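Let me begin by presenting the structure, written as structure tokens, before commenting on it.
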Amino acid sequence: MATTDIYTRNNIYQHFQVLKTNRNKRYKAGEFFVEGVRSINEAVRQGWHVKSFLFGTGRLSDWADNLLKTVSTEVNYRLTAELMEELSGKTDTSELMAVIEMREDKLKESYLSENPFIVLFDRPSNKGNLGTMIRSCDALGADLLIMTGHGVDLYDPDVVVSAMGSFFKLPVVRVSDNNALWNFVADVRKRYPAFQIIGTTAHKQVPVYGVDLTAPVMLMIGNETMGLNQNFKDMCDVLCTIPMAEDSYASSFNVSCAASVMMYELTRQRSAKRPAGAGGKETI
0 MATTDIYTRN
10 NIYQHFQVLK
20 TNRNKRYKAG
30 EFFVEGVRSI
40 NEAVRQGWHV
50 KSFLFGTGRL
60 SDWADNLLKT
70 VSTEVNYRLT
80 AELMEELSGK
90 TDTSELMAVI
100 EMREDKLKES
110 YLSENPFIVL
120 FDRPSNKGNL
130 GTMIRSCDAL
140 GADLLIMTGH
150 GVDLYDPDVV
160 VSAMGSFFKL
170 PVVRVSDNNA
180 LWNFVADVRK
190 RYPAFQIIGT
200 TAHKQVPVYG
210 VDLTAPVMLM
220 IGNETMGLNQ
230 NFKDMCDVLC
240 TIPMAEDSYA
250 SSFNVSCAAS
260 VMMYELTRQR
270 SAKRPAGAGG
280 KETI
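0 is the number of the first residue of the sequence shown in numbering that gives the first Met the number 0; add one for each residue after it.
Here is the structure:
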């Protein structure tokens, strides 16, 4: 694979910096910046298009050397130790970083299992919460995460890092047009007549353990500050909440924490309903 050496903060190097810091230019280029062993490994394992690897001039580990030899890229870049240190977001400079091509945002029924479990996150406003949501969705068996409205950037490096390798495993689709979302929901309802939409709220509604989550479901999670917008609430079959201690000072959970509790209840119910000896992922 062709390798270009970078010795100065030239235009190519500045492009790498822009991918880390500028949302609009990331999307114009259609690519994003990634570092971290788990993230890079999973990106390769899941077939994401790695456009370039970035590495230093020193000796590489067997792991990094193997990726450079086996993963087909367009061009790789060898940077000085100083430039690698500037680019790295880690205390100990990463020996290998990557520029990866974004994937198309498209809602597809092929993402869905026999008993669909979809999560929708409305207008996420915190990078850490979005990354944690991705990780929890992956850990608890969601088929798909849908992002709606204007919120934090899915491809921001902080989101990718906080999601860890789950970022590349879980299908995440950004939807800017609610009509496209409702058309997708209508198609899912036709295919799965028992499909229901469950909205979440901090207000006292039906306790989550009182809702049947064993059938095909979309779990809607609201924005950290404002909750679900009214349009989404109106589309819900049920609004549910997580009961809290009567004497608690807290009035609500962190959104990613609440989502994890809701998703765990879903996996608990489905596991309890599964016949003894039947297959399925082990949950914790």
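A virtual CB, placed ideally from N, CA and C, is assigned to each residue, including glycine. What you are looking at is a predicted structure, and each value in this text was computed from that prediction instead of being measured.
Annotated three-state conformation of Asp-186 is helix, per DSSP. Counting of Cβ neighbours within 10 angstroms places Pro-115 among the buried residues, the total reaching 16 or more.
In this structure, the beta-carbon distance from Met-262 to Ala-141 falls below 9 Å.
Listed in chain order, the non-local C-beta contacts of Phe-194 below 6 Å within the same chain comprise Val-187, Arg-188, Pro-215, local neighbours out to five positions each way being set aside. Gln-13 sits in a helix when the DSSP states are folded into three classes.
In the three-state DSSP reduction, Ile-133 falls in the helix class (H, G or I). Note that the C-beta distance between Ile-99 and Glu-30 is below 9 Å. Between Leu-106 and Met-219, the C-beta spacing is not below 9 Å.
In its chain, beyond the 5 residues on either side, no residue has a beta carbon closer than 7 Å to the beta carbon of Asn-65. According to DSSP, residue pairing for Asn-228 in a beta bridge does not occur. With a cutoff of 9 Å on beta-carbon distance, Arg-25 and Val-33 are scored as not near each other.
Excluding sequence positions up to five before and after Leu-265, its CB lies within less than 6 Å of the CB of Leu-212, all in the same chain and listed in chain order.
Annotation for Tyr-6: Thr-79 place their beta carbon closer than 7 Å to its own, counting only its chain and skipping 5 residues before and after.
Phe-166 sits close to Val-159, with the two beta carbons spaced by under 9 Å. For Tyr-26, the enclosing alpha helix (DSSP H) starts and ends at 22-28. For Ala-97, the beta-bridge partners assigned by DSSP are Val-33, Phe-52. Taking every protein chain shown into account, the CB of Asn-10 has fewer than 16 other CB atoms within 10 angstroms, so this residue is exposed.
Of Leu-53, Lys-126, Lys-68, Val-74, the smallest CA-CA separation from Ser-93 is found for Leu-53. Residue state for Thr-69 is assigned as helix, using DSSP reduced to three classes. Val-49 has its alpha-carbon roughly 9 Å from the corresponding atom of Ile-39.
Under the DSSP assignment, Gln-195 falls outside any alpha helix (DSSP H), being part of the beta strand (DSSP E) whose first and last residues are 195-199. Scanning Ile-117, Tyr-248, Asp-121, Met-101 for the CA closest to the CA of Trp-47 turns up Met-101.
Bounds of the beta strand (DSSP E) holding Phe-120 are 116-121.
Annotation: the continuous alpha helix (DSSP H) that includes Asp-157 extends over 156-162. For the options Pro-242, Pro-192, Gln-13, Ala-162, the alpha carbon positioned closest to that of Val-205 is the one of Pro-242. Per DSSP, Met-146 is one residue of the beta strand (DSSP E) stretching across 143-147.
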